[in-house]
Every structure is written in structure tokens, then in C-alpha cells.
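Engineer:
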Amino acid sequence: MNIDIKILDMPLNIQSCIDWVMSPECGGIDVFIGTVRNATKGKKVVQLEFEAYESMAVNEMKKIAEDVLLKWPVQKILIHHRTGLLNIGEVPVIIAVAAAHRAAAFEACRYAIDTLKQSVPIWKKEVFQDGEVWVAAHP
Amino acid sequence: MNIDIKILDMPLNIQSCIDWVMSPECGGIDVFIGTVRNATKGKKVVQLEFEAYESMAVNEMKKIAEDVLLKWPVQKILIHHRTGLLNIGEVPVIIAVAAAHRAAAFEACRYAIDTLKQSVPIWKKEVFQDGEVWVAAHP
Amino acid sequence: MKVNVLAFGIVKDIFGNSAIDVDINNAATVEQLKVQLEEKYPRLKQLASYMVAVNNEYAQQDQLIEIKDEIAIIPPVSGG
Amino acid sequence: MKVNVLAFGIVKDIFGNSAIDVDINNAATVEQLKVQLEEKYPRLKQLASYMVAVNNEYAQQDQLIEIKDEIAIIPPVSGG
Chain A
0 MNIDIKILDM PLNIQSCIDW VMSPECGGID VFIGTVRNAT KGKKVVQLEF EAYESMAVNE
60 MKKIAEDVLL KWPVQKILIH HRTGLLNIGE VPVIIAVAAA HRAAAFEACR YAIDTLKQSV
120 PIWKKEVFQD GEVWVAAHP
Chain B
0 MNIDIKILDM PLNIQSCIDW VMSPECGGID VFIGTVRNAT KGKKVVQLEF EAYESMAVNE
60 MKKIAEDVLL KWPVQKILIH HRTGLLNIGE VPVIIAVAAA HRAAAFEACR YAIDTLKQSV
120 PIWKKEVFQD GEVWVAAHP
Chain C
0 MKVNVLAFGI VKDIFGNSAI DVDINNAATV EQLKVQLEEK YPRLKQLASY MVAVNNEYAQ
60 QDQLIEIKDE IAIIPPVSGG
Chain D
0 MKVNVLAFGI VKDIFGNSAI DVDINNAATV EQLKVQLEEK YPRLKQLASY MVAVNNEYAQ
60 QDQLIEIKDE IAIIPPVSGG
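Residue numbers (numbering that gives the first Met the number 0), protein chains in the order written: chain A, 0 to 138; chain B, 0 to 138; chain C, 0 to 79; chain D, 0 to 79.
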């Protein structure tokens, strides 16, 4: 199988994600790693909480991966997203794309994270010292 | 320091490269990992050998990294290149770029590998079962 | 007919629950469900936008809702 | 004056060595060095291209070569 989609409530393992996409036919791997930043719009962030509508999120992530395989000469694509409470510096998302040539790997990886952020039903709550906010909920 | 440039004659450690670029201020990391493919233009490759003009290669890699920091809002950039004999699936190059926002990380990482392949004095010899060839040497 | 509606993110706060039961007409559309929900939960109208998912797929406004459908309210996503 | 010229990649094969000594005129340019090398090693002309580096920097054709310079022949690079 050349698609690996997972939603996990435990720390993501970057090395094993990269190992999974590597193959003797691939010449380049592009990996996007999201990390929890310590601030948003100048305000200090204490933690992030991620919630997923898991069955649908897995569906939407699979669509992205299948789209990638149709649009680019890509060998393997992995998308792992974490849920639950994350501290600063922790990793909510890893997308790894392996291709024979690097242009496809870069473009497909960028497309995958851009599309994930638009269509996959996962929500992020920013926890500040003085309250919390669901990101992007209000205009 | 926000630039890490190395030429090494031993296996590159992907996880420690990623750990180095991670910081509490960054929200996205893009990593490009080159791997040795098992074939080139349909011909089976046995091994690759990489040779570097080390002092100048480090110079040129530093220029790329400094350029990246001028052109994009990037926090950290790492470029490690390996030399010597590599087997199929091994990793000759890792470029990791951390930024507050992902667009900068993607663009800078792509720029870095594209420019490295044009300007950094490192040479690759493809070893086939029936001979060997310095890549790109002849028209 | 009575349908169960799943809530995520801020919609859980708005409903005060991760799922609610709603009484809708037979052959109601997604749009009619939204109107009914917005009457009962006016804070839905303050969201930047929201979608309805039926059986794990984003639904069109005119899609008919059936009794066994899995229905979910999807406020603006913010994963990644 | 005698300068030492470093060779890499295929140029090592062409020179039969990783460095050679070359006698050039005082105040010779990079271009003059190339002409002289191409006379002695015609296979250089078969390369897709090649550059000369002086003191770890790519050099222009008209750059003057000095006795203490570190000179290297750079065939088409293929790293990454």
C-alpha cells in the first residue's frame, strides 16, 4: 500500500514516518512537520488542544492522498495527525511524500498540508493563560 | 546560531537534524531528504559515490543558508551532505528549514536544494554493474 | 422524525453537548435542519461559517436527510 | 610561475591525479590557464562545462592568478 493515514492520540514518531515512505525507487522525500508555536498574534500560547471528527477526518485525509497520487508521480504519501493536548514544540501533524524526483515531492507535500488545513475536520483550541479560543471559529 | 552546515563521511541522522531546527517560535518545518535511487534512466544503479571539494562546498552551502535567511522569514536552516560510497536507499543530503509559517519553510527548502544542485562543488559517480559514470560531466 | 446531530469544536460549546437530538420533518433538507438549529442556537449564526456533514461527507444545502444518516455540524476547521 | 591545480570528479580522471603543477606566466588570467590546460588535456573540452575556482570562490575569466592562490577545476556539479 502506498498511502498511510492515521489519527493518533499519542506523540508522532517522525523517524518511523520517514522510514515508511522511503523506498529504493524514490530519489527525494519532502516532509512537512507542524509544530506548536509558543505564540499567536503576539499572545503567549500555553498549550494546544486538537479534536478530530475521526471517521470523517480519515476519509478526507484519504481523499487528499488519493488526489496526490493522481496528480503527481509520487510513490508514497503518509499523513499522520495527532489529537489531544499538546505542549509547545510538540508535533500535531506530519506529512511525508516520496517521489522519484523532488519537484513532485515538494508540490504534493505542499498541496497536502494546504488542503488538510481547508478540508479535514480537525479543530484546534488555543489555551492561553487567561482563557481559551477555538481557532478560526469566528470572523 | 541559526545555520548548521556540515559535510560528513558517515550516515546522516535525520532525527537529530530535525531536532536541531525545531524551536518554540517555529510553527512549520520542511525537510528535504535525498535518497539513492536504484535506477537512473532505466539502468540499475549499484552504488553512488559522492566527492566534495570540502572547503569550497561548505562556503557555497553557507551562502545558500545566508541567502535563505535574507529572503524568507526563516528561523533556522540546516544543510548536511554526505560523501563517500552510498548504497541504495541511503541519504546523501538533508535540508531542514524551520519557520513561523509554512510557506516560507517550503519555499526556502526548495530554493536551498535547487541551488545546492547548481552551485555546490560536490560530484556524484553512478556505479553500475558494468562500469561507472560521473553524473552530468558530459553533454 | 428524530435525528442525532454530532457537534465538534466550538459547536460542542454552543450545543452544551457533543451530540443532540433534533426533531425534523420527514424529507427535510440540510438547509431546513440548519434553519431549525439556528433558531434554537442563535450563536451558530455568529460563526465564520459552518458545514453539515452527512455520513462523513460534506453535504449540499438541498440534500435530503434520512433517518439513519450520521449528521455532524462542522465549524471552520483548524487542523494541521 | 608554478601553481598547483586541484582536480575533482571527472577532472581527476582527466589529469590522472587529484592535483597537478602547472607553469603559467606571471599575471596570467583564469582564461589563459584554461587554454593551457585544454592544450595539455584536450578531454577538458569534451566536458559539458567546467569552472575554475580561486580561493574557494568561482572565478571570472579575466581574474588574475597569484602565486599563493588555491586553484581548483570544477566540472559540472552533481551533488544532492
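The beta carbon of each residue, even a glycine, is placed where N, CA and C say it ideally should be.
A quick note: this is a predicted structure, and the numbers were derived from the prediction, not measured.
Note down, in chain order, every chain A residue with its Cβ under 9 Å from the Cβ of Ile4(B).
Structural biologist: Correct list: empty, because the minimum Cβ distance to chain A is about 20 Å.
Engineer: For Asn1(B), which residues in chain A fall below 7 Å Cβ to Cβ?
Structural biologist: Those do not exist, as Asn1(B) stays about 16 Å from chain A at its closest Cβ, beyond 7 Å.
Engineer: Between Glu65(B) and the ligand SAM, is the CB less than 7 Å from at least one heavy atom?
Structural biologist: The model depicted lacks the ligand SAM and carries no ligand whatsoever.
Engineer: With respect to the alpha helix (DSSP H) encompassing Leu68(B), which residues constitute its N-terminal and C-terminal limits?
Structural biologist: Boundaries of the alpha helix (DSSP H) harbouring Leu68(B): Glu53 to Lys70, taken from the DSSP string.
Engineer: Can you tell me the Cα-Cα spacing of Asp61(C) and Ile94(A), whole angstroms?
Structural biologist: 35 Å
Engineer: Could you pull out every unbroken alpha helix (DSSP H) segment of at least 4 residues lying fully inside the segment 6-30 of chain A, listed in chain order?
Structural biologist: 13-20
Engineer: Would you tell me roughly how many angstroms separate the C-alpha atoms of Val90(B) and Ile13(B), rounded to the nearest one?
Structural biologist: 9 Å
Engineer: Have a look at the DSSP bridge pairing and note the partners of Asn3(C).
Structural biologist: Asp20(C)
Engineer: May I have the straight-line CA-CA distance separating Leu84(A) from Lys33(C), to the nearest angstrom?
Structural biologist: 31 Å
Engineer: Determine whether the beta carbon atoms of Val57(A) and Val76(C) lie at a separation below 8 Å.
Structural biologist: Cβ atoms of Val57(A) and Val76(C): not closer than 8 Å.
Engineer: Using a Cβ-Cβ cutoff of less than 6 Å, which residues in the same chain neighbour Ala71(D) once the five nearest sequence positions on both sides are dropped?
Structural biologist: Leu5 and Ala52
Engineer: Run down chain A in chain order and give the residues with a C-beta less than 9 Å from the C-beta of Phe127(B).
Structural biologist: Below the 9 Å Cβ cutoff, chain A contributes no neighbours of Phe127(B), its closest Cβ being approximately 15 Å away.
Engineer: Would you please verify whether the beta carbon of Asn16(C) is less than 8 Å from any beta carbon of chain A?
Structural biologist: no
Engineer: Would you mind working out which of Gln128(B), Arg101(B) and Ile17(B) sits nearest Lys116(A), comparing C-alpha positions?
Structural biologist: In terms of CA proximity to Lys116(A), Arg101(B) leads the group Gln128(B), Arg101(B) and Ile17(B).
Engineer: What is the DSSP secondary structure of Val90(B), counted as helix, strand or coil?
Structural biologist: coil
Engineer: Are Asn55(D) and Ser22(B) touching if we call contact CB-CB under 8 Å?
Structural biologist: no
Engineer: Name the chain B residues whose beta carbon is nearer than 9 Å to that of Pro75(D)?
Structural biologist: Trp122, Trp133, Val134, Ala135, Ala136 and His137
Engineer: Taking 8 Å as the CB-CB limit, is Ser118(A) close to chain C?
Structural biologist: yes
Engineer: Going along chain C, which residues have a C-beta under 8 Å from His80(A)?
Structural biologist: Gly78 and Gly79
Engineer: Would you tell me roughly how many angstroms separate the C-alpha atoms of Lys5(A) and Tyr40(C), rounded to the nearest one?
Structural biologist: 33 Å
Engineer: Buried or exposed for Gln74(B), please, with buried defined as at least 16 other CB atoms from any protein chain shown within 10 angstroms of its CB.
Structural biologist: buried
Engineer: Given a cut-off of 8 Å, decide if Cys108(A) and Asp29(A) are closer than it, judged by their beta-carbon atoms.
Structural biologist: Result yes, Cβ atoms of Asp29(A) and Cys108(A) sit closer than 8 Å.
Engineer: If you draw a straight line from the alpha carbon of Lys43(B) to that of Lys124(A), how long is it in whole angstroms?
Structural biologist: 51 Å
Engineer: How big is the Cα-Cα spacing for Leu69(B) and Ile66(D)?
Structural biologist: 35 Å
Engineer: Buried or exposed for Leu7(B), going by 16 or more other Cβ atoms inside 10 Å?
Structural biologist: exposed
Engineer: Taking 8 Å as the cut-off, decide whether the C-beta atoms of Ala104(A) and Val92(A) are in contact.
Structural biologist: no
Engineer: Can you tell me where the beta strand (DSSP E) holding Val51(D) begins and where it ends?
Structural biologist: Met50 to Val53
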